[in-house]
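Take a look at the structure set out below.
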Amino acid sequence: MLPHYRFDRAKVIVGFDADFLGTWISPVEFTKDYMKTRNLSEKPPRMSYHVQIEGRLSVTGSNADNRITATTAEFGVLLNYIAAKLEEKAGTANLPVKADLTQTRVSKQTLDKIISKLWSAKGNSLVVCGANDVRLQILVNYINHLLGSYGATIDLARPSYQKLGDENSVNELIDKMNGGEVSALFIAGVNPVYSLPNGAEFKEALQKVPFSVAFTEYSDETAEHASIVCPQSHFLESWNDSEPVEGYLSITQPLISRLGLSRTLNECLSAWTGKSATDYALLQDYWKRHVFPLQKEHADFQNLWDRALIDGYVEIKRPAKKASSFNMNAVKNLRLDSAKPSGDYELVLYQKVGILDGRHAQNPWLQELPDPITKAVWDNYVSMAPQTAKRLNLRQGDVVRVSDGNSEIELPVLPQPGQHEKVIAVALGYGRNTTKRFKDIGPDWISKRPTVKEGETVGENAYRFLKWQNGFLHFSGRVNIHPTEKTRIIAQTQTYNSITVPEKLGGERRPLIRETTLKEYSKDPASGNKYKHQILQLWTEDHVYTGHHWAMVIDLSKCTGCSACVISCQAENNVPVVGKDEVYRRRELHWIRIDRYYSGPESDVEVVHQPVMCHHCDHAPCEGVCPVLATLHSDEGINQQIYNRCVGTRYCANNCPYKVRRFNWFSYRKKDEKENLVLNPDVTVRSRGIMEKCSWCVQRIQEAKAEAKRKGVKLADGDIKLACEQSCPADAIVFGDMNDPQSRISKLIHHPRHYNMLEEMNFKPTVGYLSLVRNKE
Amino acid sequence: MDLFSAVFKDEDDLLKVTRQVRDSGYSIYDIYTPYAVHGLDDAMGLKPSKLSYLCFGFAFLGLIVAILSQYWIGSIDWPINVGGKPFNSLPAYLPVTFELTVLFGGVGIFFAFLFKAKLRPGKTAKLVNPHSTDYYFILTLEIKDSSFDSETVLSLCRQNNAVETKIILGNAL
Amino acid sequence: MNTNSNSLAIPKAVQKFLLLLIVAGSLTFIAGLFLSPRRIWGNFLITDFYILSLSLGAAFFVAVNYASNSGWVVAIRRIPEAISSTIWLSGIGALILIFGIHSLYEWSHSAAIHEEVSGYFKAWFNESFFIIRLVVYFVVWIVLNRAILANSNRQDKHPDIAYTRKNVRNSALFIIFGGIAFCLASIDLMMSLQARWYSTVFPVLMISGMFLSGLAIIIVFVVILRHIGYSHIFTTEHLHTLGNYLLSFSVFWVYLWVSQHLLIWYSNIPEETSYYIFRHFGGWGSLSFLNVVLNWLIPFAVLLPVAARKSDKIMLQMAIVVLIGHWLDLFILVMPAFLGPEPSVSVWEILPFIGFISLFVLVVFRRLRKSSLLPVNDPYLVESLPDSERIVKSRNF
Amino acid sequence: MSIYYSILRKPIIAGDKKLKDITDDVIRPLEQKPTLLWWVAFLVSLTVLLIGVVAVTYQIKVGIGTWGLNKTIGWAFDITNFVFWIGIGHAGTLISAILFLFRQRWRTSINRSAEAMTIIAVMCAGIFPLIHMGRPWLFFWVIPYPNLRGPLWVNFRSPLLWDFFAISTYFTISLIFWYLGLIPDMATLRDRAKSKIKKFVYGLMSFGWNGSARIWHHYETTYLLLAALATPLVLSVHSIVSMDFATAVIPGWHSTIFPPYFVAGAIFSGFSMVLTLMIIARKVLHYEEYITIDHIEKMCKIVLVTGGIVALSYGIEIFMAIFFGNQYERFMFLNRALGPYAWAFWIMISCNVLFPQFLWIKKIRRNVALVFILSIVVNIGMWFERFVIIVTSLHRDFLPSSWAMYKPTIIEIATLAGSFGLFFTFFLLFARFVPFIAIGEVKGVLKYGKLKKNLTSEGSVKANADVTV
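Quick mapping for you: the protein sequence lines, in order, are chains A, B, C and D.
Note that the working numbering has the first sequence beginning at 205, numbered continuously upward.
Note that the working numbering has the second sequence beginning at 268, numbered continuously upward.
Note that the working numbering has the third sequence beginning at 227, numbered continuously upward.
Note that the working numbering has the fourth sequence beginning at 7, numbered continuously upward.
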């Protein structure tokens, strides 16, 4: 059973490689909950204390107040120590092993401090661990038990159903398939040939099954070997429902009519059982029979159904699950192996926020989504600590061979600050056969480098490094690294990573990110934001904003860097995908980007994520320089780009201090009716040779204004939700009318944390930031 | 009208004889030289060219046109917010104003000159001597009436090393 | 051949009047030190820089003409030479100015400024280094200028073109090192009045103002000398050429003025607009407009016809307009820091300035008397006079 | 004033030339069949030009993406080449207008070819703003004309629009000025021509010129007025070009000294190009007596002076950035000198500041081979100056997240080469069909410096024929 973690109730959070703000179980939900514990507008300001212990630098780690690097192999010792210390405090003693801190570099003091924090927040603390290792999970559970987290920050009464499965039974299945015991196999929602370390075994076994059916949206590695493939409708074409957390039933509705001849799994099954029905009918029928009786609120089924469609979910109350008591025997029998592992480095396999386990690999938007940490696109690679790379004399892009004795993989190196010296990290989800189709993505011209070469895939499949251990798949293991002569480019959207300029060029820190600590902030909300500038200007003020004056504020303390805004903006505004080579040439077209800066020593960096889009400056430097007036200011303060007037001199982009303007270097649109169906009809598709940039989803603003006018009401604060704002799980982005004194934006603009980047230059940007507050000493 | 013409090989001779014939009261029809001889206008008694006033006029017109049209476009016909700059961005209008001033002045004076000098593409040149555009200097005097004393003129020319003299009957120029 | 002096003299009455003005000016200055020290120091800076502009303008005029082997200038060269010989006057002024550093420059005392500026700024702008630099500038100018004047005068006695050659070399050195020194001096003395403001064209703008006012004072003296009987050596042609120079440098000055103003206006960046914010609006704004009118519009419009550049009267008027304009230029540059948002002119502005100018005029005339008004043995003299032989033989100069 | 010259003056035209000799000498290349050397040079230039044409055609067909630009660096080779060529052009106008106003009579030997160089260079320059546009076929949108789109006007506040006005005015006035100077020479050619075709063509082009003193009188006034207009024009053109950068807010671009500094730089590079061309031309066309070693020396001095102004401007910029500038400004200059493009910066400094100092030495100024090398060095240096200003300012501006690098593509290199091909193709055609030296003007200075006089006693002055200062 997977418990439902309640981050919103936690005051102290200790994460062991659990990327809960990135990819772990339910990141969107966790991000929302997590941000509830970090409320700076309350008095006194409230902020949870978050410790992240991990080998690589994850999205979650980049947001932690205290980040400690440790290999997965050290986790046992660390957890053991924490558990033992907590036992001391709780006055019990069940642990059979004593922690040997010599096996870890993490100091006793550090751990003791964490332990005392955990203990003092007893009942409001939460320890989570992402490692797929029963022994570690037992320790974690025991710690949570000692801390009284069960029933508080860990909800067992309403467990999560999001990541359920039994890994071990796959091996049983393979054995049975090999043994000829399986005569028919239906495969849906999984791709074992690709994603099992012994995928090859599965493939061979599959050949022995006389009748196999693969249900799939795309041709995948497993379906290729099935006897029958049933094309599945896309989830946006079909009806479906789900129950992510006990008691919350939600409905998926189709957005478009089906493009091809496909059926959903349910439809297939119903057709085969002879009672052919549409997925809609099937779903409604199921709800009528199974969901309707579970609730009392709606007397009429149609009522319930309508409510569910409007809200997207219904809450039902099943009889509470009896929380099983903690099994102390597991703790008492715990054994941690202390065998010296072979191999020089610990390989950590992880998922990226865009591609996840590989299920999104065929989606070019997500392939081109910059990884929140490395800012790399269209590839996986070997992340290693910069010191390690230096020691091995490896530079970014040098291809290395990673081997664990059985499997090998060749990938380019990417030095990653903040990574443990002994850890190398490789993302899963790459090397999918479906990505071969990207060889033609991006513009075609003489010096192009194809995103993937003929017959190759995007990245390499790292699943083969997963290890079966005690019936579970381990996401880490020991490997060796061998340099090769080869190099391969890694395309990144950001290549200089510090807010401080290089030492030999002055070494000054730029005041673009303003930050403070919780302690300072509690004393003075304006701490870290004390830059006084006199704004003197020579222009006569001819432009007064009498109606709306739009503005945006982004809370740096909330932004986790998850990049949902980037994708939602891309989808909303028809931003083309340009391919790996173009990104490498620094020509991606994303209208919003998240600048990620490191500070501090390379081995122990602090990270900040700063979303940047067009700042819609009232004194926009881009506007004055356009010879043909293709970029202008609206009377509501929007910096408008008039695509069909633009001749493409690019001066506006040069003169943009925030470098947010994007140029159509080529014609990216291809004549592909299917692909072009993803286009938002409210937004112009841009042609070659013109400039584009964030328009503040002006189509949404206009729509909301028209809607308000149609209804004859005043446009209310919050009626307009920009795509980025809407998709931000942390609610870090707020948009509104600063001419309305009651709006959220007006209040935020006068918040002591509010600042504008480069405000001393008098560009008068209307996008502002709230300074970053870190809960550290 | 008949003309007297004399050919010289040196500009100093020409300058001298020009001054002398003018002092003697003869009216100079024209002088043809292969290059602009410094001081010849003075010797001939030509008044300063009025073209400079015309040039000033053209340039001033350019100035006015530029300033007014930019002001009209920016402030009256199409007042829009360009980067927060004032509608009447006078400092930013200066470069174009200057360029138009020069353009009007320059193009204007060129065509005014062609008009004044009656030059145009393809016009047939009227030459007294085929070498007057190469190495000969030719003085032509008007023979208005009998008061024209060809003897004196001839002797003046000879003193100043005239290469050749002749009378051109009927104005062939 | 006695060409060492001439009979040039200013009437006794005028001399007495000038002396009176000098005394009045000095007394006002001393009184001002007690009554309105900041204002008087501001004005003293203007005055001293003004005199420096005149003498350096003339010095550069001499040097540029030497370095470019120009022939036309030789006949009038003794006038700029005499004017340039007064650099020491502003040098003494600069020494007095040292006592006013605290009243003048914010960077010398304001802690607030020190918090805002970079370490580099502090390294450059500290009192002792500032004083050392001032001394170095004047040494460079005076030494090189003296060398040129000495060779020029020696040639009167010893007709040897070697002097001309030496002076070409000295002039090149003067232009390079004197030019760099003036750039730095204008940054030190003028730009640092507003410690956080800077404009890269500023030194060049100051050079153009300096040269323009130098030309104007040369023209004033040429016209005066023509008036008192030297029109046979200082001819209309010289006046015409000087007029051309005045016209073009007036345009050059406004070109730089517009460059600075346009670019700062266009970008509207506060660290730059801080300079114009006072000078763009209100009373100072009107004065800035007047500044352009005096230094460019009037001389340009009036001198456009050739005839104007050959007329003593018009040329004298325009030179005086430019000289007033240059004072105004410096006034607008310096005084907003001391007078606040609205300009005003009082006795503190006028009397010490006039006193110093009178002293300057007296010194120039004394110098003019010391040597021949015509560099008789200059090999280029022949190109500078219409009937050179006759004039040289007449010894009437 | 005086008809006599100082003993220190030397005649402009060497040798004892008669008026007719000048015509013969200057026109000789036009009346002969082209030499093998000419053909080789022409075909090579034409080939390079065609390579450029192919590159530009490809770029217009496929997109600006075929250049190495990116979201951070929106201009690089294109505008570098543009400013470079415009700068080259400036020397021609300077020689024909400013030196004319300063009565530098030696200009007559080189003004015709220098003006031709100006016109061709402006054409080379004009191509770049055109092709650097994302949609060059809509180029005419920068022209303010009444239209049916609103009417939709252009932005008179944009420096790019100023550029359009400046470049087109400059081209027009240069062409007029050049042609005005050409009219008397065309008449000379017409009156010498033997063939009917030549007579007709030259007759058409000489506008019926007959050398009348009355017309010469107006002609000289017009010439003077055009010179007086062209002088501030040439200053304004490069000032406006500099404002393409100086009006921006980007550190390293926004600098008030840019207008005069760019003008000085333009003259500096332009004169170097004139030197390069003249040194070749005088040798190949046998014009050594017209373009003498003294001419070369004088041009070297101008290169030295303008180079000095350029160096001073570098100095002022760096000085102010370090002592007064904000951190972005200071960083920009440190980054230029020590950052990833330091190599370009130091090429610029050595070519523009260090090497020209050799010209202080008279022997080097009069050594044609060395001057030739130095002139090319300065040209390289000035190209790099623009590259440094444009690329190093853009590649690392305010937000470190956007810092990027630039590398030209083969298309850009071919386009740059093509512009040189265009330049030399046209210049070779010019040298073939138009008198390379202004015949009429050179005749006017034939007597310059020949009648010398010294006012002092002969004995005391060491005067000899080759005295130069």
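All residues carry an ideal CB built from backbone N, CA and C; glycine is no exception.
Within the same chain, Cβ atoms closer than 8 Å to the Cβ of residue 456/D are found at 11, 17, the five residues on either side in sequence being excluded. Listed along chain A are 742, 743, each with a C-beta nearer than 9 Å to that of residue 491/C. Under the Cβ criterion (8 Å, minimum of three pairs), the region 591–607 of chain A does not count as touching the region 499–517 of chain A. Of all alpha-carbon atoms in 266/A, 500/A, 310/A, the one lying nearest the alpha-carbon of residue 278/A is that of 310/A.
Among the residues facing chain B, residue 488/C is included, as its CB has a counterpart in that chain under 7 Å away. Between residue 302/B and residue 450/D, the C-beta spacing is below 7 Å. Ranked by Cα distance from residue 424/A, the first of 522/A, 548/A, 566/A is 566/A. For the C-beta of residue 484/C, the chain B residues within less than 7 Å are, from N- to C-terminus, 361. With distances taken between CA atoms, residue 81/D lies nearest to 137/D out of 137/D, 287/D, 330/D, 14/D. Annotation for residue 672/A: the continuous beta strand (DSSP E) segment containing it runs 671–673.
Within the region 575–606 of chain C, contact with chain D at the beta-carbon level (separation under 8 Å) is assigned to 602, 603, 605, 606. Beta-carbon to beta-carbon, residue 756/A and residue 456/A are separated by about 31 Å, too far to satisfy the 8 Å threshold. Ranked by Cα distance from residue 433/D, the first of 395/D, 272/D, 282/D is 282/D. By the Cβ-count criterion, residue 624/A is buried, with 16 or more other Cβ atoms from all chains shown falling within 10 Å of its own Cβ. Against chain D, the beta carbon of residue 299/B has neighbours under 8 Å at 216, 217, 218, 219, listed in chain order. Under the 7 Å criterion on CB atoms, residue 353/B is classed as non-interfacial with respect to chain C. Taking 8 Å as the cut-off between beta carbons, the residues of the region 839–866 of chain A near chain D are 849, 850, 851, 852, 853, 854, 855, 857, 858, 859, 861, 862, 863, 865, 866, in sequence order.
In this structure, the beta-carbon distance from residue 448/A to residue 206/A does not fall below 7 Å. If you ignore the 5 residues before and after residue 70/D, its C-beta comes within less than 7 Å of the C-beta of 140, all in its own chain and listed in chain order. Apart from sequence neighbours up to five positions away, the residues of its chain that approach residue 704/A with a beta-carbon distance below 8 Å are 711, 712, 713, 714, 803, ordered along the chain.
Secondary structure of residue 600/A (DSSP, three-state): coil. Of the candidates 435/A, 656/A, 555/A, 333/A, 435/A places its Cα closest to the Cα of residue 464/A.
Residue contact check for residue 316/C against chain A: no CB pair falls below 7 Å.
Taking a C-beta distance under 7 Å as the contact criterion, residue 309/C and residue 574/C do not qualify as a contact pair.
Secondary structure of residue 199/D (DSSP, three-state): coil.
Leaving aside the five residues that flank residue 550/C on each side, the residues in its chain whose CB is nearer than 7 Å to its CB run, in chain order, 520. Runs of the alpha helix (DSSP H) lying entirely within the region 403–487 of chain A, each at least 4 residues long, are 403–412, 469–476 in chain order.
In the structure shown, residue 404/B adopts extended strand secondary structure according to DSSP, grouped into three states. Distance from the Cα of residue 261/D is smallest, within the candidate group 427/C, 293/C, 352/C, 407/C, for 427/C.
Contact with chain B is absent for residue 813/A, since none of that chain's Cβ atoms lies less than 7 Å from the residue's Cβ.
Between residue 272/D and residue 240/D, the alpha-carbon positions lie close to 10 Å from each other. Residue burial is scored here from C-beta neighbours: residue 615/C has fewer than 16 other C-beta atoms within 10 angstroms and is therefore classed as exposed.
The secondary-structure analysis by DSSP pairs residue 680/A across a beta bridge with 552/A.
Within the region 152–220 of chain D, complete alpha helix (DSSP H) segments of at least 4 residues are found at 165–198, 202–211, given in chain order.
Residues of chain A with a Cβ closer than 9 Å to the Cβ of residue 347/B are, in chain order, 833, 836, 837.
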